[in-house]
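**Student:** I have a structure here, written as structure tokens, and I will follow up with some questions on it.
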Amino acid sequence: DAGVIQSPRHEVTEMGQEVTLRCKPISGHNSLFWYRQTMMRGLELLIYFNNNVPIDDSGMPEDRFSAKMPNASFSTLKIQPSEPRDSAVYFCASSFFVGSSQEKLFFGSGTQLSVL
Amino acid sequence: SQQGEEDPQALSIQEGENATMNCSYKTSINNLQWYRQNSGRGLVHLILIRSNEREKHSGRLRVTLDTSKKSSSLLITASRAADTASYFCATGPMDSNYQLIWGAGTKLIIKP
């Protein structure tokens, strides 16, 4: 099992540019999470998908952020336009949710985003 | 918002010694999880303890949970240089079946 795969590993872009982060969850997992990690705010949940359906997007900072999960094996997080304050490490995590309570998460290696 | 709090924020010990990290939380929980994060890497799940459990072991790891005090501890015995990492607790609140509330982490340094 290859684990959760994220790309790119590093992204450096200029303010105003569009950024697309990609995630391939573990095969068979039905839940996918996008997190953002910064020194100041720690780990923040951006959006949660279950069976490819967005369940909770209350953590998405603003309309500049959008996420999709067109199928069970792929998700994207897009920032358009990007701003310097978006600089952070973005993690994708997946799990197999059975319905009663929180399950353990499997994290990808993250995307280090720097917006200049 | 983050309600879990780890203590201490940083811990530096000699290889071979035991390391203890604590986590306090505020709400009633379904379970509590501990994760490790090596520098520049993703988080790795270590152990999950349910609200009706008091202690759990996994290899050199021992986790305790005291729901009356809303606290948990992670003990790493016979520490190794490879244990150098940040350790996070995440609580699963009872009013959700997917949310995790994350602490700010304890940075553990094992000196050879």
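First to last, the protein sequences are chains S and W.
For the record, in the first sequence the residue sitting at position 104 is 104 according to this note's numbering, with numbers rising by one throughout.
Here this note's numbering runs 1000 ahead of the position in the second sequence, where the first position is 1.
Yeah, the Cβ is synthetic: ideal placement off N, Cα and C, and Gly gets one too.
For clarity, every value in this text was computed on a predicted model and none was experimentally measured.
Can you check whether the CB of A1081 (chain W) is closer than 9 Å to the CB of E1015 (chain W)?
**Tutor:** One-based indexing of the second sequence puts residue 1015 (chain W) at position 15. One-based indexing of the second sequence puts residue 1081 (chain W) at position 81. Yes.
**Student:** Starting from S109 (chain S) and walking both ways along the beta strand (DSSP E), at which residues does that stretch end?
**Tutor:** The sequence position of residue 109 (chain S) within the first sequence is 109, counting from 1. Counting along the chain, S109 (chain S) falls outside any beta strand (DSSP E), and DSSP gives it neither H nor E.
**Student:** Quick one: is V115 (chain S) buried, meaning 16 or more other Cβ sit within 10 Å of its Cβ, or exposed?
**Tutor:** The count along the first sequence starts at 1 and reaches residue 115 (chain S) at position 115. Buried: at least 16 other Cβ atoms inside 10 Å.
**Student:** Return the chain-ordered list of same chain residues with a C-beta closer than 7 Å to the C-beta of S117 (chain S), the five sequence neighbours on each side being excluded.
**Tutor:** The question about residue 117 (chain S) has no answer here: the residues shown for chain S are numbered 1 through 116.
**Student:** Determine the contact status of L1074 (chain W) and W1102 (chain W), defining contact as a CB-CB distance below 9 Å.
**Tutor:** Position 74 of the second sequence, counted from the first residue, corresponds to residue 1074 (chain W). Position 102 of the second sequence, counted from the first residue, corresponds to residue 1102 (chain W). No, the Cβ-Cβ distance between L1074 (chain W) and W1102 (chain W) is not below 9 Å.
**Student:** Can you tell me whether A1085 (chain W) is helix, strand or coil according to DSSP?
**Tutor:** Start at 1 with the first residue of the second sequence, and residue 1085 (chain W) comes out as number 85. DSSP places A1085 (chain W) in strand when its eight states are reduced to three.
**Student:** Among all the DSSP beta bridges, which residues are the ones paired with K90 (chain S)?
**Tutor:** Locating residue 90 (chain S) in the first sequence gives position 90, counting from the first residue. Note that residue 90 (chain S) corresponds to Tyr in the displayed sequence, not to Lys. According to DSSP, which records beta bridges pairwise, Y90 (chain S) is partnered with S:R36 and S:T111.
**Student:** Find the nearest neighbour of S1039 (chain W) within the set W:P1093, W:Y1087, W:L1011 and W:L1100, judged by alpha-carbon distance.
**Tutor:** As a first step, residue 1039 (chain W) is located in the second sequence; it is residue number 39 there, counting from the start. Ranking the options by Cα distance to S1039 (chain W), first place goes to W:Y1087.
**Student:** If you measure between the beta carbons of L43 (chain S) and W34 (chain S), is that distance less than 9 Å?
**Tutor:** To locate residue 43 (chain S), count along the first sequence from 1; it is residue 43. To locate residue 34 (chain S), count along the first sequence from 1; it is residue 34. No, they are not a contact pair.
**Student:** Three Cβ pairs or more, each shorter than 8 Å: is that satisfied between the region 80 to 89 of chain S and the region 9 to 21 of chain S?
**Tutor:** yes
**Student:** At a cut of 8 Å, does the region 84 to 94 of chain S reach the region 1011 to 1028 of chain W through at least three beta carbon pairs?
**Tutor:** no
**Student:** Along the beta strand (DSSP E) that carries E18 (chain S), what are the first and last residues, could you check?
**Tutor:** Position 18 of the first sequence holds residue 18 (chain S). Per DSSP, E18 (chain S) belongs to no beta strand (DSSP E) and is neither H nor E.
**Student:** Across which residues does DSSP place F65 (chain S) in a beta bridge pair?
**Tutor:** Position 65 of the first sequence, counted from the first residue, corresponds to residue 65 (chain S). DSSP, once it has assigned bridges, lists S:I79 as partnering F65 (chain S).
**Student:** Since Q1009 (chain W) meets chain S, which of its residues come closer than 8 Å, beta carbon to beta carbon?
**Tutor:** As a working note, residue 1009 (chain W) is residue 9 in the second sequence. Going along chain S, no residue has its Cβ under 8 Å from Q1009 (chain W), so there is no contact; the nearest lies around 12 Å.
**Student:** Do you know whose CA, among W:R1050, W:L1065 and W:C1089, lies nearest Q1009 (chain W)'s CA?
**Tutor:** Taking the first residue of the second sequence as 1, we reach residue 1009 (chain W) at position 9. Looking at the Cα atoms, W:C1089 is the closest of the given residues.
**Student:** Any chance you could list the beta strand (DSSP E) runs of at least 3 consecutive residues sitting entirely within the region 1039 to 1073 of chain W, in chain order?
**Tutor:** Within the region 1039 to 1073 of chain W, the complete beta strand (DSSP E) segments at least 3 residues long are 1043 to 1050, 1055 to 1058 and 1061 to 1066, listed from N- to C-terminus.
**Student:** With H, G and I counted as helix, E and B as strand and the rest as coil, what does DSSP make of P1008 (chain W)?
**Tutor:** As a working note, residue 1008 (chain W) is residue 8 in the second sequence. Correct three-state label for P1008 (chain W): coil.
**Student:** Can you tell which of W:V1044, W:L1100 and W:N1030 has its C-alpha closest to the C-alpha of G110 (chain S)?
**Tutor:** If you number the first sequence from 1, residue 110 (chain S) lands on position 110. Considering only alpha carbons, the answer is W:V1044.
**Student:** What whole-angstrom Cβ distance do K104 (chain S) and S73 (chain S) have, given they're in contact under 8 Å?
**Tutor:** Start at 1 with the first residue of the first sequence, and residue 104 (chain S) comes out as number 104. Start at 1 with the first residue of the first sequence, and residue 73 (chain S) comes out as number 73. Actually they are not in contact, since the Cβ atoms of K104 (chain S) and S73 (chain S) sit about 20 Å apart, beyond 8 Å.
**Student:** Evaluate I55 (chain S) with the Cβ neighbour count: other Cβ atoms within 10 Å of its Cβ, from every protein chain shown; 16 or more gives buried, anything less gives exposed.
**Tutor:** Residue 55 (chain S) sits at position 55 when you count from the first residue of the first sequence. I55 (chain S) is exposed by the Cβ-count criterion.
**Student:** What residues of chain W sit near F107 (chain S), judged by a beta carbon separation below 9 Å?
**Tutor:** Locating residue 107 (chain S) in the first sequence gives position 107, where the first residue counts as 1. Residues of chain W passing the Cβ test: Y1035, Q1037, R1041, G1042, L1043, V1044 and H1045.
**Student:** Taking C-beta to C-beta, are G1042 (chain W) and G108 (chain S) nearer than 9 Å?
**Tutor:** The sequence position of residue 1042 (chain W) within the second sequence is 42, counting from 1. The sequence position of residue 108 (chain S) within the first sequence is 108, counting from 1. Here G1042 (chain W) is near G108 (chain S), since their CB atoms are less than 9 Å apart.
**Student:** With DSSP run on the structure shown, which of helix, strand or coil describes R85 (chain S)?
**Tutor:** The residue labelled residue 85 (chain S) in the question sits at position 85 within the first sequence. It is helical.
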